[in-house]
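Some notes on the structure that comes next.
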Amino acid sequence: MAASHKLASFRLPPLPTVGELIKLYNLRAEKQLSQNFLLDLKLTDKIVRQAGNLRGAHVCEVGPGPGGLTRSILNAGVADLLVVEKDSRFIPGLKLLSEAAPGKLRIVHGDILTYRMDRAFSGKISKQWDEDPPNLHIIGNLPFSVSTPLIIKWLEHVANKTGPFSYGRTQLTLTFQKEVAERLTASTGSRQRSRLSVMSQYLSTVHSCFTIPGRAFVPKPEVDVGVVHFTPLVQPQIQQPFKLVEKVVRNVFQFRRKHFYKGLEKLFPEASRVELTQEIIQRADIDPTLRSTQLTIPQFRALCDAYAHLCSQDSNLINYEYREELREINQERRKSKQLGRNKKT
Ligand code: SAM
């Protein structure tokens with residue numbers, strides 16, 4: 061009881077403001093790294109609240125930079141905060157924070173895209189997949205160029221229960237360019253419905269929290285930013301390997317404005333394209349005149365199951381890639397054109 065009271069009542073001692081720290085360590089935002097800082101602690105507190113009650117929680121913050129969000133996470137009474145920052149210029153400022161919160165803040169100078177989070181926390185915090193989520197949260201305000209590849213990578217980890225999800229259904233609270241946030245949460249039939257919507261929603265409950273206007277950042281980015289919360293589902297809505305689902309969804313969304321079968325048929329080599337496209341549509345029992353944006357997740361499940369069935373009948377099918385075939389055809393064309401020119405000269 062005394063320990064939990066201590067956790068709940070933890071507040072950072074008076075420190076230089078984030079703005080003063082930026083000046084002190086001369087932390088100019090690097091444009092190439094798309095660094096946009098949040099200096100308003102009311103706003104960073106609001107982001108942290110979206111993660112839920114963090115009292116006694118274990119948290120990984122990605123890209124702490126000058127540490128605004130980091131301060132809010134510490135003030136939420138967490139037991140343990142691990143930060144992963146790529147840019148070494150921020151490490152001294154983070155060390156200052158670490159001294160102000162003894163035993164609470166671990167600093168890793170590294171790249172979140174390659175960092176092994178499955179080794180970062182004690183196995184004691186793990187929960188079984190079908191239990192409530194573990195008291196482990198990932199929070200981050202990352203550059204847009206990193207947050208999209210990162211969420212795809214983490215969704216694959218969700219599917220395989222690896223990386224941050226080796227502890228159970230770890231929850232994520234992350235920022236994205238507003239347009240990407242809208243795609244992640246878009247429902248069937250909406251204009252923003254895309255590959256990202258299906259990939260994120262078949263594996264997790266995705267919830268759009270709020271929008272941060274671009275003017276809240278220093279320097280101000282061109283676009284607004286959306287805060288998105290993810291909780292992995294106990295049972296994925298599609299029970300096929302991630303790579304297979306990704307391939308089907310990517311192909312179906314290839315021609316957004318046309319009937320979805322136009323993209324779907326590119327799953328099959330030319331020789332058997334018409335026949336196998338008919339078979340997959342029949343097996344999945346879907347109206348072929350629908351557009352990709354109109355398909356529901358159960359319909360994607362039916363397509364993935366039907367495609368898996370066809371792959372089980374022809375082991376070469378899963379490795380077939382239309383784009384590779386197209387590249388080879390184009391290369392051949394270029395070569396024969398060049399040969400023709402050489403003959404003329
Ligand atoms: N969290 C801070 C805030 O809200 O003010 C900084 C946000 S800034 C948009 C993104 C931060 O992520 C920067 O500190 C940048 O150096 C860091 N970063 C960029 N790519 C990273 C990566 N691959 N791994 C870890 N940190 C990264």
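Each residue of the sequence shown is one higher than the last, beginning at 61 in my numbering. Backbone N, C-alpha and C fix where the C-beta goes; we use that ideal spot for every residue, glycine too.
Check                                                                                                           : Outcome
Residue span of the alpha helix (DSSP H) that contains Gly286, given as start and end                           : From DSSP, Gly286 is part of no alpha helix (DSSP H) but of the beta strand (DSSP E) over 285–292.
Meets three-Cβ-pair contact criterion under 8 Å: the region 350–367 and the region 281–288                      : no
Asp190 (DSSP reduced to helix, strand or coil)                                                                  : coil
Given Gln304 as reference, the closest of Val278, Met259, Ser205, Thr174 once Cα atoms are compared             : With the sequence shown as reference, residue 304 is identified as Leu, and Gln is not the correct amino acid for it. Cα-wise, what sits closest to Leu304 is Met259.
Glu121 versus Leu134: straight-line alpha-carbon distance, rounded                                              : 11 Å
Assigned secondary structure, Gln231 (DSSP; H/G/I helix, E/B strand, else coil)                                 : strand
Run of the alpha helix (DSSP H) containing Asp365, from where it starts to where it stops                       : 357–373
Through-space distance from Pro203 to Met145, alpha-carbon basis                                                : First, the residue type needs correcting, since residue 145 is Glu and not Met in the sequence shown. Each residue's alpha carbon lies about 12 Å from the other.
Beta-carbon proximity of Thr337 to Leu293, cut-off 8 Å                                                          : no
Buried versus exposed call for Phe270 [16 or more other C-beta atoms within 10 Å across all chains shown]       : exposed
Beta-bridge partners of Gln237, as assigned by DSSP                                                             : Val285
Supposed contact pair Gly153 and Pro194 - C-beta distance, whole angstroms, cut 8 Å                             : Actually they are not in contact, since the Cβ atoms of Pro194 and Gly153 sit about 29 Å apart, beyond 8 Å.
DSSP-derived helix/strand/coil call for Gly200                                                                  : strand
Leu98, DSSP secondary structure in three states                                                                 : strand
Own chain partners of Gln295 with C-beta closer than 8 Å, once the 5 adjacent residues on each side are dropped : none
Contact set for Val138: own chain, Cβ-Cβ below 6 Å, skip 5 residues either direction                            : Leu114, Ala117, Val119
Beta-carbon proximity list for Phe315, same chain, < 6 Å, skipping 5 on both sides                              : Lys322, Gly323
Near ligand 1: Ile272 beta-carbon under 7 Å from a heavy atom                                                   : no
From Gln297, Val240, Ile298, residue whose alpha carbon lies closest to that of Val288                          : Val240
Beta-carbon proximity check, Gly123 vs Thr104, cutoff 8 Å                                                       : no
Alpha carbon of Leu173 to alpha carbon of Pro209, nearest angstrom                                              : 8 Å
Whole-number beta carbon distance between Phe320 and Val312, since they are thought to touch under 8 Å          : 5 Å
For His267: DSSP bridge partner residues                                                                        : His289
From Leu370, Gln373, Ser372, Gln342, residue whose alpha carbon lies closest to that of Gln359                  : Gln342
Cβ neighbour criterion (16 or more within 10 Å) applied to Thr235                                               : buried
Distance CB(His169)-CB(Ile198) smaller than 8 Å                                                                 : no
heavy atom of ligand 1 below 7 Å from Ser148 C-beta                                                             : no
Presumed contact (8 Å Cβ cut-off) between Gln297 and Tyr262, rounded CB distance                                : 4 Å
Reference Asn86; option with closest CA among Thr130, Ser148, Leu75                                             : Ser148
Contact belief for Leu141 with Lys164 at Cβ below 8 Å, rounded distance in angstroms                            : 6 Å
DSSP-derived helix/strand/coil call for Arg71                                                                   : coil
Cα-Cα separation between Lys397 and Arg251, rounded to whole angstroms                                          : 41 Å
Closer than 7 Å: Ile172 CB and nearest ligand 1 heavy atom                                                      : yes
Cutoff 7 Å; reference Ala63; Cβ partners in own chain excluding five residues on either side                    : Because the pLDDT of Ala63 is 45, which lies under 50, any placement of that residue in the model is unreliable, and the question is left without a value.
Residue of Leu363, Thr291, Ser158 minimising C-alpha distance to Trp189                                         : Thr291
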